[in-house]
Amino acid sequence: MLNIGKSLEDLTLTVTLEGRLDTTTASQLEEELRDSLPNVTKLVLDMSKLEYISSAGLRVLLSAQKVMNTQGEMKLLHVNDVVMEIFEVTGFTDILTIE
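Residue numbers (our numbering): 47 to 145.
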């Protein structure tokens, strides 16, 4: 299960992820981002409550990063050790801005 919270302030979209971003929930995030990204120049993903991310979730993040590369910036906040290890093993720490 994945809970997605969104808040838009000026041109900054903050998305809070809670739960698991995997094969069954990745399309949910993909749809939310597809609808929201055209209007923003900064995307912030708060991952403080994200428990797990699968390759399907990584694909959604990569797609969002490609969009934001053309219209602004994207950063990930509060990544826990489990998710960070997945980012490190897959090389996503070189692609994504993680703070």
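Note that CB positions come from ideal geometry on N, CA and C, so glycine has one too. Please read these numbers as outputs of a predicted model, since none were measured by experiment.
Remark: C-beta atoms of Leu63 and Leu96 approach each other more closely than 9 Å. Across the set Thr87, Leu54, Thr70 and Ile99, the C-alpha of Ile99 shows the shortest separation from the C-alpha of Glu131. One alpha carbon belongs to Val106, the other to Glu134, and they sit about 17 Å apart. The straight-line gap separating the alpha-carbon atoms of Asn115 and Glu77 is approximately 19 Å. Within the same chain, Cβ atoms closer than 8 Å to the Cβ of Leu57 are found at Asn85, Val86, Thr87, Lys88 and Gly118, the five residues on either side in sequence being excluded. By the Cβ-count criterion, Gly103 is buried, with 16 or more other Cβ atoms from all chains shown falling within 10 Å of its own Cβ. Proximity to Ser73 across Ser109, Ser94 and Asp92 peaks at Ser109, based on C-alpha coordinates. Inside the stretch 66-109, DSSP marks whole alpha helix (DSSP H) runs of 4 or more residues at positions 72-82, from first to last along the chain.
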